[in-house]
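Numbering (this note's numbering), first residue to last: 15 to 400. Every residue, glycine too, gets a C-beta built ideally from N, C-alpha and C. None of the values given here were measured: they were computed from a predicted structure. One structure is given here, and the rest of the page talks about it.
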C-alpha cells in the first residue's frame, strides 16, 4: 500500500495545474458571469493537450491511463471552477464511459474517439419530472422495430441539455417492471423529434447548461442501443465512476476554498496581528484540512481499488457522500473566516458555496448514498416503496 503518487502521476498533476491556473482563471470568471459553456476552441485545446479521455483506451483516442490519473486532472481543473472542469468530467467519468464499456463496437468507434478529440460532447439524460431518486420509476419509452428505435418521453435536470452533441438516454425498453425494463440508448442532437425546454436557472453550476429534453417520436438507428432492457445494473456500475467524479468536484472546490482562506488569514490583520495568529482561526483551518484530506483518500481509494475498471458501489458511495457533506462544511468555514470578503462576488468563495451545495444533489442525493452504503454493508437492497 503506497500513499504517494508516482513520478508520472505528479508530472501529470503539475501539467494540469499549470494549464488550469495559468490559462483558465479569466475564462472561468467569464463563464460564471455570462452562464455560458466552455467555447469549442478551448475544448479542442483540452483535446490537443491530452486532457480529454485520460482513462480511455489509446486505440479510442484516450491516454490509456487509469481512473486515478483522470481524477487527479479533474481536481486541478475544478480548483479553478467546475465549469472549466466539466468537459474533463464528461470525457473521463461521464456517460461516454457507459458507451465505451457496454455499447457495440461500431457505436463505440463512432462516438468515443470524437469525444477524446474534442469534436463531440456527450451528456446523460436520466431524471424525469417524476423520477429522480426513484430512478426506476422513469417513464420514457423506447421500442425497437427492426433497424430503428423509437423514443417518447421527457427528461429533466440534464447537465448539458441543449448544449451537448449527444445524450445517453435512460429509458424503458420493455414492459418489465422496475429496473428489469430499463436500458439506455444514444440520441444525437440533430435527431428528428428531439427538442429542449428553456435554459434552467440554477443557484450554482453556472457555465454548465441544463434544460429539459423532449423526445417526441424520436427515431434512431438500432445500432445506437447501449444496453438493452435489464441493463440497469450495468448503467449503475458506470455511474459509480461518475460518483467519484462528483466527489472530486467537491474535493477541488473545498481544497481551493482552504487554499484561499489560508492565504487570506496570513495577510489580513485584526487587533494588530494576522488572523492566523488567533487560535480560533487555527482550529478552523485544521478542521478544514482534516476533512479535505479524508475526502481525497476516500476518492483515491475507490479509484485505485477499481484500477482502470469501474469502482464498487460501496467505495464510490462512501467517497461521494462524505465529499458532498465535506464541501458544504469546508466552504462555509472558509467563507466565515473571510467575513464580508468571502460573501462578496468580487471573490470566488460565494460561487464555491453555491456550486459545492449542488454536488450533494446531483448524481444521487446524499441520503441516497447513505442507503447505498447501508445496503452494501448488509449485502442486500432495501425496498424504499414499502
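Exposed unless 16 or more other CB atoms sit within 10 angstroms - verdict on residue i
{"i": "residue 128", "result": "buried"}
{"i": "residue 311", "result": "exposed"}
{"i": "residue 206", "result": "exposed"}
{"i": "residue 18", "result": "exposed"}
{"i": "residue 358", "result": "exposed"}
{"i": "residue 362", "result": "buried"}
{"i": "residue 63", "result": "exposed"}
{"i": "residue 103", "result": "buried"}
{"i": "residue 247", "result": "exposed"}
{"i": "residue 365", "result": "buried"}
{"i": "residue 142", "result": "buried"}
{"i": "residue 154", "result": "buried"}
{"i": "residue 300", "result": "exposed"}
{"i": "residue 370", "result": "buried"}
Short Cβ contact (8 Å threshold) for residue i with residue j
{"i": "residue 187", "j": "residue 156", "result": "yes"}
{"i": "residue 163", "j": "residue 199", "result": "yes"}
{"i": "residue 112", "j": "residue 182", "result": "yes"}
{"i": "residue 313", "j": "residue 261", "result": "yes"}
{"i": "residue 137", "j": "residue 96", "result": "no"}
{"i": "residue 392", "j": "residue 340", "result": "no"}
{"i": "residue 197", "j": "residue 245", "result": "yes"}
{"i": "residue 120", "j": "residue 237", "result": "yes"}
{"i": "residue 99", "j": "residue 263", "result": "yes"}
{"i": "residue 293", "j": "residue 331", "result": "no"}
{"i": "residue 208", "j": "residue 254", "result": "no"}
{"i": "residue 319", "j": "residue 380", "result": "no"}
{"i": "residue 220", "j": "residue 377", "result": "no"}
{"i": "residue 308", "j": "residue 336", "result": "yes"}
{"i": "residue 42", "j": "residue 65", "result": "no"}
{"i": "residue 52", "j": "residue 101", "result": "yes"}
Residue i: first and last residue of the uninterrupted beta strand (DSSP E) it sits in
{"i": "residue 180", "result": "180-186"}
{"i": "residue 202", "result": "196-202"}
{"i": "residue 138", "result": "136-139"}
{"i": "residue 237", "result": "Taken as a continuous stretch (DSSP letters only), residue 237 belongs to no beta strand (DSSP E), as it is neither H nor E."}
{"i": "residue 159", "result": "155-159"}
Any C-beta of chain B under 8 Å from that of residue i
{"i": "residue 212", "result": "Absent here is chain B; the protein component of the structure consists of one chain."}
Supposed contact pair residue j and residue i - C-beta distance, whole angstroms, cut 8 Å
{"i": "residue 26", "j": "residue 107", "result": "Rounded, the Cβ-Cβ distance is 16 Å, inconsistent with contact."}
{"i": "residue 174", "j": "residue 223", "result": "6 Å"}
{"i": "residue 145", "j": "residue 90", "result": "In fact, because the Cβ distance is near 35 Å, the residues do not count as touching under 8 Å."}
{"i": "residue 388", "j": "residue 274", "result": "Between residue 274 and residue 388 the Cβ distance is about 36 Å, and since that is not below 8 Å, they are no contact."}
Best match in the options for proximity to residue i [C-alpha to C-alpha]
{"i": "residue 211", "options": "195, 193, 221, 230", "result": "230"}
{"i": "residue 80", "options": "42, 22, 342", "result": "22"}
{"i": "residue 67", "options": "85, 51, 32, 55", "result": "85"}
{"i": "residue 373", "options": "217, 327, 296", "result": "217"}
{"i": "residue 179", "options": "43, 135, 214", "result": "135"}
{"i": "residue 239", "options": "117, 397, 92, 54", "result": "117"}
{"i": "residue 115", "options": "389, 290, 193, 74", "result": "74"}
{"i": "residue 189", "options": "150, 213, 172", "result": "150"}
{"i": "residue 201", "options": "170, 233, 225", "result": "233"}
{"i": "residue 132", "options": "124, 334, 41, 58", "result": "58"}
{"i": "residue 398", "options": "305, 192, 124", "result": "192"}
Where the alpha helix (DSSP H) containing residue i begins and where it ends
{"i": "residue 96", "result": "96-106"}
{"i": "residue 165", "result": "Not the alpha helix (DSSP H): residue 165 falls in the beta strand (DSSP E), residues 162-173."}
{"i": "residue 281", "result": "246-281"}
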